[in-house]
Amino acid sequence: MSSFKKNTIQKSFTATGIWLPDPTPILKRFSRDTPELSSSDESSTSVLSGDERSKEIKKLNRSLHHTSTQNELLRHEIKGLKNALVTKKKQNKQSHPFDLQNNQDDDHGGAVFWSPRKLRQAKERRVEQDREKDQLQLQKAHRSELREQTRLDKLRVTQEKRVEREKKKAVKEKEQVEKTAERARQKADRDSKKAIQQAQSSKRKTSQSSSKSNKRQKRVVNATEVGESSEAAPAPTRFDRRLTFKKHVAERAAQARKVANHLRSLANTAHGPPAGSLRKAAITCILPILLYGAETWYEGRTKNPRIARVSRKPTVSTRVGWHLTTIDQALVAATKAILPAWRTTPNAVLLREAAMPSAQVALEEAKLRFAVHLRTIDDKHPLTNRTTLPLVIRGRAAGNRRIPRSKVQRVAQLLPATPRNVLASPHFSDGSRQDPTQGQGKDIAAQNFTIWWESLGQETITVFSDGSEQQINGTRVVTYGYAIYQGQAAVATGQGSLNALSHVFDAEAIGACRGLKHALQLSLPSQREIVLCIDSTSVIWGIRGAAPTSSQWAFLQIHGAMEAYNVKTRWAPGHMKIVGNELADQLADNEAKDPHQPYGMAASPTRSGIRTVGRRLLEHIRDTWWKDKSSRLSAWYTQWQLPYDTRRTPAALWLPRRVLAKVLMIRSTHGDFEWYHRKFNHEDTSECPCGRPKTPEHLVFCKRATTHFKKWPLRPIVPPRTRQEGLAYLAQLIDQPQEFETFVKVTNSFYDE
38 MSSFKKNTIQ KSFTATGIWL PDPTPILKRF SRDTPELSSS DESSTSVLSG
88 DERSKEIKKL NRSLHHTSTQ NELLRHEIKG LKNALVTKKK QNKQSHPFDL
138 QNNQDDDHGG AVFWSPRKLR QAKERRVEQD REKDQLQLQK AHRSELREQT
188 RLDKLRVTQE KRVEREKKKA VKEKEQVEKT AERARQKADR DSKKAIQQAQ
238 SSKRKTSQSS SKSNKRQKRV VNATEVGESS EAAPAPTRFD RRLTFKKHVA
288 ERAAQARKVA NHLRSLANTA HGPPAGSLRK AAITCILPIL LYGAETWYEG
338 RTKNPRIARV SRKPTVSTRV GWHLTTIDQA LVAATKAILP AWRTTPNAVL
388 LREAAMPSAQ VALEEAKLRF AVHLRTIDDK HPLTNRTTLP LVIRGRAAGN
438 RRIPRSKVQR VAQLLPATPR NVLASPHFSD GSRQDPTQGQ GKDIAAQNFT
488 IWWESLGQET ITVFSDGSEQ QINGTRVVTY GYAIYQGQAA VATGQGSLNA
538 LSHVFDAEAI GACRGLKHAL QLSLPSQREI VLCIDSTSVI WGIRGAAPTS
588 SQWAFLQIHG AMEAYNVKTR WAPGHMKIVG NELADQLADN EAKDPHQPYG
638 MAASPTRSGI RTVGRRLLEH IRDTWWKDKS SRLSAWYTQW QLPYDTRRTP
688 AALWLPRRVL AKVLMIRSTH GDFEWYHRKF NHEDTSECPC GRPKTPEHLV
738 FCKRATTHFK KWPLRPIVPP RTRQEGLAYL AQLIDQPQEF ETFVKVTNSF
788 YDE
């Protein structure tokens, strides 16, 4: 009970006089000594030393008695508390203390006694409190049930409304379809009546009106079919009302980020697949997602104005900055999934180290691919006419081409025009599925060819052709030469030049075509066998099989001659001292020294040539972007003079992720280095085990590394002594990633911890 407390017990003992913390008053009450005796004792202390000793003994006895009494009381108190705890643990029934402290003002020495009536009142108050508490809990439960019921009712009403809306929508669509069909039927009835009326006046008018009505009916039916098909398969590219394509780019970027996050979950800075494999996955999965439909909205950062005026700027912005930023964010997320780099590494460094294109580079590459496609499609393609710029009929600019006014026209003008290909049927001749080399090397093939050629008679014609591509006085020259033999005697020769935007492949194909034409013009009997001896296996594949897209017209002319004459092909290895090949090669070189004007189809650029132009434009864009970004990077990173190439996977990406992380740390200085921790106020900075601060170049100066100097890969004569020597050796190691991995394993440096 609440009355049995420590303070209350002490007050009760104080009131009754049974025991006090200070027993002096009690001891004085029961003391037998009178004041007279005590005074006499005090007066005799100076005389009787034995009495003084007995007083000290009495004081000591009283102290011992007091201490033993306190110990006994404390022992009883502890025992009582233990019994109370045991009793409380045994009781399963939950008890509540009564609130009996109502009259705190009355002081009865701390001891308060309660009558049965007051105890009954306390019990009644406790029961009332429990009842109120139970009622409060019931009210809370009832309110929660009401809230849940209200939520379920709202959900049910919402579901019913949704179902009702869907039903109304279905009914409305059905009514709309019925109305459309009814209008079409009424229109058809009106047209038929009109046709009958016109038939009475003129048969010609009747036929015209009936044809028009049929056309209109077909248009209505086709429109309905198109609408149904569009609902079944919506277009992936989103065309918003203002043609900003922001929603399309945002959706594509969100999908790409999901893939990037998945790739990021596959690896960390120490474990996971090689970075090269993750880069392949990013190139295969993420880039196509981001670039899908880019031909519809991207044509560059600027374009020519719709109306050219002297007072206006020659170019205007296309307003695609937001698009490029959104795509760049997705590409940076992909690079962070590929590389085990620190979070503070600059984005430009991440893109360069992962060999991933930036948004601008990737979009420019897609644009140039589209430009090549527009220049090489066949003449029946729907986009062919859209790429042609119409002529100006009136005004001062009459006779000239108009300025481009659409994305397709502007993109097509990036590359020069080339002859359009035709849709030809597949061509298969003898040996179209056989390797022209027949698995032989150039030496053996040259010996066999010489033996075969020397055994030929006068009834066999051989045509040797060769091409040449040279740079003369800074000018690119592409030429060809051919030699015609009857048996082993030279009958005729020829040479010529091609457009500078072509390659050796085109020169050899055109040389073979014109050499064959020349041989056929010699009035030779048609039953004679003509063998085209070519040193390019790719040209032989094109002659025997389907015509390639580059210089297609030359291959098609050869195919036409093969159908009318006995024309075959044979591989003649080049630069193996074959008589005909050497003569054709000499003719091509002579033409390169004094080139003639190209004529015919050879005067136009070829597809391989304009593809080369596209690659050069892309390289220029890539170099320009990297030059702009690298100018903002640290001098430490730019000292490595690293190129930016997105065409192939760097060898460093195939290193283990733990070693690759160290390479990136050294190149960018973003890692576990002393200056890095100092810059970002890190407290848990660490030093090299040799006791010196960690720096990128300390790798080659550490005592743990110089101890194993004899095992260093690409070991110099003496260990590096100066900072320049250390950086030079470090650059040599980083250029050869496998040697860097060996160095880390051999030296057991702090980078491998």
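Each residue of the sequence shown is one higher than the one before, counting from 38 in our numbering. Don't be surprised by glycine CBs; every beta carbon is placed ideally from N, CA and C. Everything numeric in this text was worked out from a predicted model, so none of it was measured.
- Of the choices 367, 283 and 340, whose alpha-carbon is the least far from that of residue 320? For this step, residue 320 is matched to residue 283 along the sequence shown. Here the closest residue by C-alpha is 367.
- State the Cα-Cα distance for the pair residue 199 and residue 187, rounded to the nearest angstrom. The residue given as residue 199 occupies position 162 in the sequence shown. The residue given as residue 187 occupies position 150 in the sequence shown. Each residue's alpha carbon lies about 18 angstroms from the other.
- Query: Below 7 angstroms between beta carbons: does that hold for residue 551 and residue 587?
  - Reply: Taking the sequence shown and counting its residues from 1, the one referred to as residue 551 is at position 514. Taking the sequence shown and counting its residues from 1, the one referred to as residue 587 is at position 550. Contact flag unset, no.
- Within its chain, find whatever has a CB closer than 7 angstroms to the CB of residue 556; leave out the 5 residues flanking it on each side and keep chain order. Within the sequence shown, residue 556 is the residue found at index 519, counting from 1. Within the same chain, residue 556 has close Cβ partners 498, 500, 521 and 567.
- Query: Are residue 340 and residue 447 close, meaning C-beta to C-beta below 7 angstroms?
  - Reply: What you label residue 340 is simply residue 303 of the sequence shown in a count that begins at 1. What you label residue 447 is simply residue 410 of the sequence shown in a count that begins at 1. In contact: residue 340 and residue 447 (Cβ atoms closer than 7 angstroms).
- Which runs of the alpha helix (DSSP H) fall wholly inside the stretch 478-560 and span at least 4 residues, in chain order? Within the stretch 478-560, the runs of alpha helix (DSSP H) at least 4 residues long that lie entirely inside it are, in chain order, 479-491 and 541-557.
- Message: What residue range does the alpha helix (DSSP H) around residue 590 cover?
- Response: The count along the sequence shown starts at 1 and reaches residue 590 at position 553. Counting along the chain, the alpha helix (DSSP H) containing residue 590 begins and ends at 589-601.
- Once you ignore the five residues that flank residue 670 on each side, which residues in its own chain have a CB closer than 8 angstroms to its CB? As a working note, residue 670 is residue 633 in the sequence shown. Taken in chain order, the residues that qualify are 383, 385 and 386.
- Leaving out the 5 sequence neighbours to the left and right, which residues in its chain are closer than 6 angstroms to residue 83 when beta-carbon positions are compared? Along the sequence shown, one-based indexing puts residue 83 at 46. Residue placement at residue 83 is poorly supported in this model, since its pLDDT is 45, which falls under 50; the coordinates are not used for a value here.
- Task: State the beta-bridge partners of residue 571 as determined by DSSP.
- Result: If you number the sequence shown from 1, residue 571 lands on position 534. Paired residue(s): 502 and 608.
- Message: Three Cβ pairs or more, each shorter than 8 angstroms: is that satisfied between the stretch 387-400 and the stretch 343-354?
- Response: no
- Message: Does residue 74 come out as helix, strand or coil in the three-state DSSP assignment?
- Response: Residue mapping note: residue 74 aligns to position 37 of the sequence shown, counting from 1. In this prediction, residue 74 has a pLDDT of 41, which is less than 50 and means its spatial position is unreliable; nothing more can be read from the coordinates.
- For residue 97, which three-state DSSP category applies? Your numbering for residue 97 matches position 60 in the sequence shown. The answer is helix: DSSP assigns residue 97 an H, G or I state.
- With DSSP run on the structure shown, which of helix, strand or coil describes residue 645? Here residue 645 is taken as the residue at index 608 of the sequence shown, counted from 1. It is helical.
- Message: For the alpha helix (DSSP H) containing residue 447, name the first residue and the last one.
- Response: Locating residue 447 in the sequence shown gives position 410, counting from the first residue. Boundaries of the alpha helix (DSSP H) around residue 447: 444-449.
- Item | Continuous alpha helix (DSSP H) assignments of at least 4 residues falling wholly in the stretch 704-752 | 711-716 and 740-743
- Would you mind sorting residue 298 into buried or exposed? The rule is 16 or more other CB atoms within 10 Å of its CB. What you label residue 298 is simply residue 261 of the sequence shown in a count that begins at 1. Exposed, by the Cβ-count rule.
- Return the chain-ordered list of same chain residues with a C-beta closer than 7 angstroms to the C-beta of residue 365, the five sequence neighbours on each side being excluded. For the purposes of this step, residue 365 is taken as residue 328 along the sequence shown, with counting starting at 1. In its chain, beyond the 5 residues on either side, 395 and 396 have a beta carbon closer than 7 angstroms to the beta carbon of residue 365.
- Message: Going by DSSP in three states, residue 142 sits in which element: helix, strand or coil?
- Response: By 1-based counting over the sequence shown, the position of residue 142 is 105. Note that residue 142 scores a pLDDT of 49, beneath 50, so its modelled location is shaky and nothing firm can be said.
- Item | residue 603 versus residue 574 - alpha carbon distance | Taking the sequence shown and counting its residues from 1, one reaches residue 603 at position 566. Taking the sequence shown and counting its residues from 1, one reaches residue 574 at position 537. Each residue's Cα considered, the two are about 20 angstroms apart.
- Query: Going by the CB atoms, is the gap between residue 611 and residue 539 shorter than 7 angstroms?
  - Reply: Here residue 539 refers to the residue found at position 502 of the sequence shown. Here residue 611 refers to the residue found at position 574 of the sequence shown. For residue 539 and residue 611, no; Cβs fall outside 7 angstroms.
- So, using beta-carbon positions, are residue 516 and residue 625 closer together than 7 angstroms? On the sequence shown, residue 516 is found 479 positions in, with the first residue counted as 1. On the sequence shown, residue 625 is found 588 positions in, with the first residue counted as 1. Closer than 7 angstroms, so yes.
- Using only alpha-carbon positions, find the residue among 593, 509 and 714 that is nearest to residue 460. Position 423 of the sequence shown holds residue 460. Of 593, 509 and 714, the residue nearest in Cα terms is 593.
- Query: What residue from 686, 774 and 753 has the CA that sits closest to residue 766's CA?
  - Reply: Reading the sequence shown from its first residue, position 729 is the one you call residue 766. Distance from the Cα of residue 766 is smallest, within the candidate group 686, 774 and 753, for 753.
- For residue 503, which option in 452, 424 and 627 has the closest C-alpha, if you only look at C-alpha atoms? Position 466 of the sequence shown, counted from the first residue, corresponds to residue 503. Here the closest residue by C-alpha is 627.
- Where the alpha helix (DSSP H) through residue 359 begins and ends: Taking the sequence shown and counting its residues from 1, the one referred to as residue 359 is at position 322. Per DSSP, residue 359 belongs to the alpha helix (DSSP H) from 358-375.
- Item | C-alpha distance - residue 487 paired with residue 508, whole-angstrom precision | Mapped onto the sequence shown, residue 487 falls at position 450. Mapped onto the sequence shown, residue 508 falls at position 471. Approximately 32 angstroms, taken between the alpha carbons.
- Run the CB neighbour count on residue 115, radius 10 Å, all protein chains shown included, and call it buried at 16 or more, exposed below. Counted from its first residue, the sequence shown places residue 115 at position 78. Looking at its Cβ environment, which holds fewer than 16 other Cβ atoms inside 10 Å, residue 115 is exposed.
- Message: Please classify residue 375 as buried or exposed, where buried requires at least 16 neighbouring CB atoms within 10 angstroms.
- Response: Position 338 of the sequence shown, counted from the start, is the residue given in the question as residue 375. Buried: at least 16 other Cβ atoms inside 10 Å.
- Query: Straight-line CA distance for residue 615 to residue 489?
  - Reply: Numbered from its first residue, the sequence shown carries residue 615 at position 578. Numbered from its first residue, the sequence shown carries residue 489 at position 452. Between residue 615 and residue 489, the C-alpha separation is close to 12 angstroms.
- What whole-angstrom Cβ distance do residue 659 and residue 683 have, given they're in contact under 8 angstroms? The residue labelled residue 659 in the question sits at position 622 within the sequence shown. The residue labelled residue 683 in the question sits at position 646 within the sequence shown. Sure, about 7 angstroms apart at Cβ, within 8 angstroms.
- For residue 325 and residue 344, the rounded distance between their alpha carbons: The residue given as residue 344 occupies position 307 in the sequence shown. The residue given as residue 325 occupies position 288 in the sequence shown. Each residue's alpha carbon lies about 35 angstroms from the other.
- Item | Three-state class that DSSP yields for residue 123 in the structure shown | Working through the sequence shown from its first residue, we reach residue 123 at position 86. DSSP places residue 123 in helix when its eight states are reduced to three.
- Under a Cβ-count criterion, where at least 16 other Cβ atoms within 10 Å of its own Cβ denotes burial, should residue 589 be classed as buried or exposed? One-based indexing of the sequence shown puts residue 589 at position 552. It counts as buried.
- Since I believe residue 308 is in contact with residue 758 (beta carbons under 8 angstroms), could you give me their beta-carbon distance rounded to a whole number of angstroms? The sequence position of residue 758 within the sequence shown is 721, counting from 1. The sequence position of residue 308 within the sequence shown is 271, counting from 1. Actually they do not touch by this definition, with Cβ atoms about 38 angstroms apart.
- Cα-Cα separation, residue 266 to residue 372: Sequence index remark: in the sequence shown, residue 266 carries index 229 (1-based). Sequence index remark: in the sequence shown, residue 372 carries index 335 (1-based). Here residue 266 scores only 42 on pLDDT, less than 50, and its place in the model should not be relied on; the value that follows carries that caveat. If you take the alpha carbons of residue 266 and residue 372, they lie about 39 angstroms apart.
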